[in-house]
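What follows is a set of notes on a single structure, which appears directly below.
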Amino acid sequence: MTFDFAIVLKFQHALLLGLWTTLKLTLICILLGCILGFLVALARTSKNAILRGPSSVYVEFFRGTPVLVQLFWIFFCLPLVLGVELSNMASGVIALTLYMGAISSETFRASLKSVGREQLDACVALGLSPWARTANVVLPQAVLRAAPTLLSNCISLFKESALVSAVGMADLMFVGQNISNNTARPIEVLTAVALIYFVIAFPLTRAVTVIEQRILKRLAV
Amino acid sequence: MSDTAPLVKIEGLHKSYGGVVKVLQGLDIEMKAGDRVVVIGPSGGGKSTLLRVLMGLEQIDRGSVGFGGKPYICANGNGKTTIDAKVRRSIGMVFQHYTLFPHLDVIGNLILAPMKVRGEKKAEAEARAMALLTRFGLAQKAKAYPAQLSGGQKQRVAIARALMLDPKLMLFDEVTSALDPELVAEVEQVILQLAQQQMPMVIVTHDMWFAKNIASRVIFCAGGVVVEDGPPEQVLGSPKEERTREFIERVFHIKH
Amino acid sequence: MNYSFDFASVFRNFGPLWDGLLVTVELTIAANAIGLTLGFGLALLVMSRFAVIRLPVTLFIEFFRCTPAIIQIVWFFYCVPMLFNVFLGSVTMGILALGLNLAAFNAEAYRASIQAVPREQLDAGVALGLNPFQRILYIVLPTAVRNSMPVLLTNGIGIFQQSALVAIVAVQDLMYQGKTLATQTYRPIETFTIVALFYFAVSFPVSQVVGYLERRREALAS
Numbered sequence: 023m024t025f026d027f028a029i030v031l032k033f034q035h036a037l038l039l040g041l042w043t044t045l046k047l048t049l050i051c052i053l054l055g056c057i058l059g060f061l062v063a064l065a066r067t068s069k070n071a072i073l074r075g076p077s078s079v080y081v082e083f084f085r086g087t088p089v090l091v092q093l094f095w096i097f098f099c100l101p102l103v104l105g106v107e108l109s110n111m112a113s114g115v116i117a118l119t120l121y122m123g124a125i126s127s128e129t130f131r132a133s134l135k136s137v138g139r140e141q142l143d144a145c146v147a148l149g150l151s152p153w154a155r156t157a158n159v160v161l162p163q164a165v166l167r168a169a170p171t172l173l174s175n176c177i178s179l180f181k182e183s184a185l186v187s188a189v190g191m192a193d194l195m196f197v198g199q200n201i202s203n204n205t206a207r208p209i210e211v212l213t214a215v216a217l218i219y220f221v222i223a224f225p226l227t228r229a230v231t232v233i234e235q236r237i238l239k240r241l242a243v
Numbered sequence: 237m238s239d240t241a242p243l244v245k246i247e248g249l250h251k252s253y254g255g256v257v258k259v260l261q262g263l264d265i266e267m268k269a270g271d272r273v274v275v276i277g278p279s280g281g282g283k284s285t286l287l288r289v290l291m292g293l294e295q296i297d298r299g300s301v302g303f304g305g306k307p308y309i310c311a312n313g314n315g316k317t318t319i320d321a322k323v324r325r326s327i328g329m330v331f332q333h334y335t336l337f338p339h340l341d342v343i344g345n346l347i348l349a350p351m352k353v354r355g356e357k358k359a360e361a362e363a364r365a366m367a368l369l370t371r372f373g374l375a376q377k378a379k380a381y382p383a384q385l386s387g388g389q390k391q392r393v394a395i396a397r398a399l400m401l402d403p404k405l406m407l408f409d410e411v412t413s414a415l416d417p418e419l420v421a422e423v424e425q426v427i428l429q430l431a432q433q434q435m436p437m438v439i440v441t442h443d444m445w446f447a448k449n450i451a452s453r454v455i456f457c458a459g460g461v462v463v464e465d466g467p468p469e470q471v472l473g474s475p476k477e478e479r480t481r482e483f484i485e486r487v488f489h490i491k492h
Numbered sequence: 017m018n019y020s021f022d023f024a025s026v027f028r029n030f031g032p033l034w035d036g037l038l039v040t041v042e043l044t045i046a047a048n049a050i051g052l053t054l055g056f057g058l059a060l061l062v063m064s065r066f067a068v069i070r071l072p073v074t075l076f077i078e079f080f081r082c083t084p085a086i087i088q089i090v091w092f093f094y095c096v097p098m099l100f101n102v103f104l105g106s107v108t109m110g111i112l113a114l115g116l117n118l119a120a121f122n123a124e125a126y127r128a129s130i131q132a133v134p135r136e137q138l139d140a141g142v143a144l145g146l147n148p149f150q151r152i153l154y155i156v157l158p159t160a161v162r163n164s165m166p167v168l169l170t171n172g173i174g175i176f177q178q179s180a181l182v183a184i185v186a187v188q189d190l191m192y193q194g195k196t197l198a199t200q201t202y203r204p205i206e207t208f209t210i211v212a213l214f215y216f217a218v219s220f221p222v223s224q225v226v227g228y229l230e231r232r233r234e235a236l237a238s
């Protein structure tokens, strides 16, 4: 059996286009998903049961079902429910944003909880208003503590985004599979695609470790 | 506020956790503006709870606290406690575990409350903060983060942070208990310095040497009530009450 | 919305969905068997003193952790038969692909918890005269397994969800049966909703158990 990795280079333009779609989709969903996740975390920790109930159901449901099923539901069912056509990109953004919102809300929730009671006592002793307490003491510490896990969530999202290929979105995975099928060279092409994902995700996972150590050092009081 | 009115007037203070664990069972304490009160007593005797109540951190079951002749804390009888936030702002507290804000550097810790509570300008607050830090020998640590400080330094920063709001009363809750022995002195020095400037204070401590040196008055608290209250020579030296004597003998390891 | 619901037509085809669920559960259990055992072995190898062992194992683990599961599965199904000239039946292939993926993630969990066993514990083992093998067996292993339990369970239930990916390479699991049924009955909403509920009904209780274990550990630690 002979390998011909040069074949990958012939399709580099198509692969780059696919990568661009993957990155665009990932970045948009990271941004929207983090905002959603933070709001949901606040709702889940609120004293109001009307906010707490639905937000908990949302998070548990999206964490308790395969992303692939979520994706299929959004692609094939949501247009029927809403009665409007959704572009592939729109469906992809909706599905992955909801996924990112669910996992990042857990990250935010844990970090909000990690700001200790003693810190709040200190705020009272210093006469800080509830608003100043949230904005100047709780939020900055929560964001710092959330940062490494949030970055891990982003890496997960980047990897999960490959699922949109299963519903026909032309991302890196989809393009790779197409080339692989048309050239009958799956070993070269699929390996190359896997390497592209790896080259992006691996440095980020190292960054998570470094950031985590730095933040733990800073917050170790 | 007249000169004769007490600075702090605690009347019939009752406090329990969930109505089951009774921590304070009818405290009456009057404190004059010149007093430096040290509260001693066995663990679980209500010392720290008393300080937390004075700081307005706890709800109370019954009783009231007045400050500077005005009502400050009052139990409403329906389980709710009214705390006058304005009065609370004139009291400062230092905790056992420092409770510095880990995400802010030393100067950031000092200027947060003056800026947010009193609307002070940043430059102005920073100038006052630097003056305080210099006085406490911490000027070169202004840009350090709490995690980079020793326990003694953290506690001195915490004291400076409380002083930034010009409190009329300072509360110290076992501020040297978490420190390594060799770091205790530097923190106690700072508190003695404040005492010389006539800062009214209530101190909870297990350090009897320190209590003797700083107190103008010692209160022995046990079982949620005041057992003995008097000058340090009396309470620490020749206590009148049997329970006080037992406690003092145990902590000083005196055998008769 | 002018879509009239018809859950009955889905329930009439309950048989295939149930068969699919059984395949999914089979994939999950077998993959977990591989993941729990191979993962521990990999964790020991990755902490080896010898770079010749450490580096390839690290590369293996990181490669599985840093690429999408879907490409691992597609790669496995297309490339393994070509490279080694074997095809073991689609369910077996699915089990192997998912099992290797899980082993990589579990190895990380084991490694973290083995390294978290305090030094004093081992010193105490030496002081008590245990030999190195006994120290691993009686001190390191029990602590490591207990500490990594929540993560292992989370990973295990994660692979249950990831197993839906094998539908893409035509393994007849729950997801695959759902897809087929949705097309045959023209009832995507009902079908995919029920499929989602199936997955949820298995995942949710396990994630609650994990939450309970973690809360209990926090309570014991404080």
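Residue numbers (the numbering used here), protein chains in the order written: chain A, 23 to 243; chain B, 237 to 492; chain C, 17 to 238. C-beta: ideal position from N, C-alpha, C; glycine also.
Exposure label - residue i; buried when at least 16 CB within 10 Å
| i | result |
| --- | --- |
| A67/C | exposed |
| L236/C | exposed |
| R232/C | exposed |
| D443/B | buried |
| Y334/B | buried |
| E469/B | exposed |
| I45/C | exposed |
| T83/C | buried |
| I72/A | exposed |
| A123/C | buried |
| N101/C | exposed |
| W91/C | buried |
C-alpha distance - residue i paired with residue j, whole-angstrom precision
| i | j | result |
| --- | --- | --- |
| D250/B | V41/C | Here the sequence assigns His to residue 250/B, which means Asp is not the residue at that position. The straight-line gap from Cα to Cα measures roughly 60 Å. |
| Q429/B | G280/B | 30 Å |
| F25/A | T108/C | 27 Å |
| G255/B | Q261/B | 12 Å |
| M351/B | W153/A | 13 Å |
| G149/A | G141/C | 52 Å |
| E477/B | E464/B | 7 Å |
| K357/B | A398/B | 18 Å |
| S106/C | N70/A | 49 Å |
| R28/C | S129/C | 48 Å |
| S68/A | V81/A | 15 Å |
| F216/C | G123/A | 18 Å |
| A183/C | K46/A | 26 Å |
| R139/A | Q177/C | 37 Å |
| V330/B | T231/A | 35 Å |
| V500/B | R371/B | No answer is possible for residue 500/B: the residues shown for chain B start at 237 and end at 492. |
8 Å contact criterion, which residue i and residue j should meet: CB distance rounded
| i | j | result |
| --- | --- | --- |
| L100/A | S113/A | 7 Å |
| T43/A | A192/A | 6 Å |
| I450/B | I484/B | The pair is not a contact, with the Cβ atoms about 17 Å apart (cut-off 8 Å). |
| I265/B | I246/B | 4 Å |
Within-8 Å CB hit, residue i to chain B
| i | result |
| --- | --- |
| V62/A | no |
| K135/A | no |
Chain A within 8 Å of residue i, Cβ atoms only
| i | result |
| --- | --- |
| Q177/C | yes |
| P84/C | yes |
| A383/B | yes |
| T335/B | yes |
| R325/B | yes |
| M329/B | yes |
| Y126/C | no |
| K491/B | With a pLDDT of 49 at K491/B, under the threshold of 50, the predicted position of this residue should be treated as unreliable, and no value is reported. |
| Y215/C | yes |
Cβ of residue i within 8 Å of any chain C Cβ
| i | result |
| --- | --- |
| R74/A | no |
| R66/A | no |
Within chain C, the residues that residue i reaches when beta carbons sit closer than 7 Å
| i | result |
| --- | --- |
| I209/A | C95, M98 and L99 |
Under 7 Å by beta carbon: chain A residues contacting residue i
| i | result |
| --- | --- |
| P72/C | By Cβ distance, chain A contributes nothing, its closest Cβ being about 15 Å from P72/C, past 7 Å. |
| L293/B | D143 and V146 |
Proximal chain B residues relative to residue i, where beta-carbon distance stays under 9 Å
| i | result |
| --- | --- |
| Q163/A | F337, P338 and H339 |
Contacts that residue i makes with chain B (C-beta to C-beta distance below 8 Å)
| i | result |
| --- | --- |
| Q141/A | T335 and F337 |
Partner residues on chain B for residue i, Cβ-Cβ distance less than 7 Å
| i | result |
| --- | --- |
| A154/A | K352 |
Interface residues of chain A facing residue i [CB-CB closer than 9 Å]
| i | result |
| --- | --- |
| M191/C | P88, L90, V91 and F94 |
Per-residue contacts from residue i into chain C (C-beta, under 9 Å)
| i | result |
| --- | --- |
| Q235/A | Here the premise fails: no neighbours, minimum Cβ distance about 14 Å. |
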